[in-house]
Amino acid sequence: RAEFATLRAFVLGTLRHGAARFWMPVTLDRATYGIRMVQIVAGSFTAAGINNAQVRVTMSLTVYPPSWVPPVPVVVGLGSTVTGTAPAGATVELRVGATLIVGTANAGGAWSIALPYMEGGTYIVQARIGDGPWSLPQSLTLAAPIYAEQTLALFARMTVQPTGAVKLLMDTLVRAVVGAGVWPKLDMLHLIAAHDAQAARLNWIADQYNLTAVNSPVFTAFRGYTGNGTSSYLNTGAAPAALASTGKLRQNSAHICAWTLTSVPSGQVVMGARTGTASFFDIFPRESGLTRYRPNAPLGYDPTKFATPRDKGFFLGSRNGTAIDGYMDGVLVGSITHASAAPTAHAVHILAQNADGAAF
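Under this note's numbering, the letters of the sequence shown match residues 7 to 366, in that order.
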């Protein structure tokens with residue numbers, strides 16, 4: 007059979023008289039294969055000349071009964087997700103080409119392992135439990151690369167497709183956010199430094215709250231949009247009050263973040279919205295070297311300020327109850343206690359603040 011054109015024997019150990027025992031696929035009925043423990047009893051080796059380029063190995067094997075073989079997983083389904091059976095609770099190691107992935111059989115003895123990103127092509131698939139023998143090899147052909155379902159949905163919304171290298175970067179990020187359990191907690195995630203202006207305005211989480219460019223902010227591929235800090239900006243169309251009612255954000259559980267590649271001029275916000283002086287949802291850097299983080303906060307200028315080392319980078323403000331934490335480039339720069347305010351009903355702007363319905 008074609009899949010056994012190359013056989014791999016898995017050495018279990020060397021036993022008496024120097025004979026080696028192996029795990030390997032064998033057939034006793036000339037029709038079906040199974041994994042068995044075998045031991046070489048005798049053998050011979052012959053090699054033909056260069057023109058013939060032929061090597062023949064003849065071996066006599068002792069084939070031990072199936073009871074000598076530890077449990078071996080069975081691969082049942084092949085695709086972007088590989089499924090199979092194994093003893094309940096068993097840790098299954100799956101090998102797809104050179105890629106190793108681990109899963110666990112459920113109480114019913116079924117296991118399912120979603121493949122990571124893989125290029126299109128043909129791969130040999132095997133599974134095993136612990137350091138036991140690998141299952142019989144099976145062939146999996148992928149007509150196209152494997153992406154996460156969230157990544158595929160995002161690609162489908164792009165009018166200009168990114169290159170394969172960019173798709174891989176995007177898929178890697180999506181899988182990391184999903185794997186960390188963060189994806190279902192987000193209302194919006196905009197990666198503005200995209201390959202194309204339309205792609206830059208998409209909300210990765212869902213086909214809503216896609217950005218609208220107002221008064222022609224300038225787009226630069228793989229850098230993002232540049233506004234003028236007041237009248238040229240991006241509108242998310244998402245008001246914290248509405249999100250608190252129908253989305254994930256809540257008055258006492260919210261965060262806001264943005265990554266700027268250039269310095270934020272003094273007196274300008276990175277992003278935000280507000281209702282008078284009663285409710286703010288914004289990031290306001292560069293006030294005498296301080297940054298104000300106000301996720302659902304009343305005016306309270308001083309309590310919400312944190313010392314930040316730079317005027318550009320990754321700014322994040324997170325509220326949990328009455329606590330607000332401020333971060334700069336992933337480093338905690340301060341924590342305060344500051345009671346929340348009812349979320350503003352005005353949509354959040356990026357590159358400006360929506361002050362009672364007017365860009366500021």
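Using N, Cα and C, we set each Cβ at its ideal position, and we do this for glycine too.
Since this is a predicted model, take the numbers as computed values, not measurements.
Whole-angstrom C-beta distance between residue j and residue i, which should lie under 8 Å
i       : j       : result
Leu-357 : Leu-192 : In fact, because the Cβ distance is near 20 Å, the residues do not count as touching under 8 Å.
Ile-41  : Leu-158 : With 8 Å as the limit, Ile-41 and Leu-158 do not qualify as a contact, their Cβ atoms being about 36 Å apart.
Thr-128 : Thr-147 : 5 Å
Val-378 : Pro-139 : No answer is possible for residue 378: it lies beyond the span of the chain, which begins at 7 and ends at 366.
Ala-37  : Ser-66  : The pair is not a contact, with the Cβ atoms about 22 Å apart (cut-off 8 Å).
Gly-273 : Val-354 : Actually they are not in contact, since the Cβ atoms of Gly-273 and Val-354 sit about 19 Å apart, beyond 8 Å.
Thr-97  : Val-108 : 6 Å
Val-270 : Asp-288 : Going by Cβ atoms, the distance from Val-270 to Asp-288 rounds to 12 Å, so no, they are not a contact pair.
Ser-285 : Pro-304 : 7 Å
Option in the options with minimal Cα separation from residue i
i       : options                            : result
Phe-228 : Phe-286, Leu-217, Asp-202          : Asp-202
Ala-247 : His-352, Trp-265, Ala-219          : His-352
Pro-72  : Ala-96, Met-43, Pro-304, Leu-174   : Met-43
Pro-76  : Arg-316, Gly-363, Pro-93           : Pro-93
Asp-137 : Leu-84, Phe-28, Tyr-70, Leu-160    : Phe-28
Ala-113 : Gly-126, Gly-95, Glu-125           : Gly-95
Gly-282 : Leu-249, Gln-359, Gln-257          : Gln-359
Thr-218 : Leu-84, Leu-179, Ile-211, Ala-244  : Ala-244
Gly-364 : Thr-350, Val-188, Ala-303, Ser-237 : Here residue 364 is Ala; the residue named in the question, Gly, does not match the sequence. When only C-alpha atoms are compared, the closest one is Ser-237.
Val-1   : Ala-171, Arg-300, Ala-154          : Only positions 7 to 366 of the chain appear in this structure, which leaves residue 1 out of reach.
Val-220 : Thr-226, Thr-242, Asp-213          : Thr-242
Bridge partners - residue i, DSSP secondary structure assignment
i       : result
Ala-219 : Leu-240
Gly-319 : Thr-266
Asn-360 : Ala-279, Ala-365
Gln-45  : Arg-27, Thr-68
Val-108 : Glu-99
Tyr-129 : Leu-146
His-355 : Asn-241, Gly-278
Lys-311 : Arg-298
Ala-260 : Arg-325
Thr-33  : Beta-bridge pairing links Thr-33 to no other residue.
Residue i - containing alpha helix (DSSP H), residue span
i       : result
Leu-160 : 155–162
Leu-249 : 246–252
Gln-204 : 203–206
Start and end residues, beta strand (DSSP E) containing residue i
i       : result
Thr-178 : Element bounds for Thr-178: not the beta strand (DSSP E) but the alpha helix (DSSP H), 170–185.
Tyr-333 : 329–334
Leu-338 : 337–343
Gln-214 : Looking at the DSSP string, Gln-214 is not in any beta strand (DSSP E), and its letter there is neither H nor E.
Thr-350 : Note, Thr-350: premise wrong, no beta strand (DSSP E); not H, not E.
Glu-99  : 97–102
Ile-119 : 116–120
Arg-298 : 296–303
Val-82  : 80–83
Val-88  : 87–91
Val-224 : 224–226
Cut-off 7 Å between Cβ atoms - residues of its own chain near residue i, not counting five sequence neighbours on either side
i       : result
Arg-14  : With a pLDDT of only 46 at Arg-14, under the threshold of 50, the placement of this residue in the model should not be trusted, and no figure is reported.
Leu-174 : Tyr-123
Gln-167 : Phe-161
Tyr-333 : Leu-322, Val-339
Asn-209 : Met-194, Leu-195, His-196, Tyr-215, Asn-216
Gly-233 : Pro-223, Tyr-239, Leu-357, Ala-358
Gln-257 : Ala-250, Asn-302, Ser-346, Ala-348, Pro-349
Asp-331 : Ser-324, Leu-338, Ser-341
Gly-115 : Thr-91, Ala-92, Pro-93, Ala-94
Contact set for residue i: own chain, Cβ-Cβ below 6 Å, skip 5 residues either direction
i       : result
Phe-320 : Trp-265, Asp-335
Ala-205 : Met-164
Same chain, Cβ closer than 8 Å to residue i, five either side skipped, listed in chain order
i       : result
Thr-87  : Ser-118, Ile-119, Ala-120, Leu-121
Gln-132 : Val-81, Leu-100, Arg-101, Trp-140, Ser-141, Leu-142, Pro-143, Gln-144
Leu-267 : Ala-199, Arg-229, Gly-230, Lys-318
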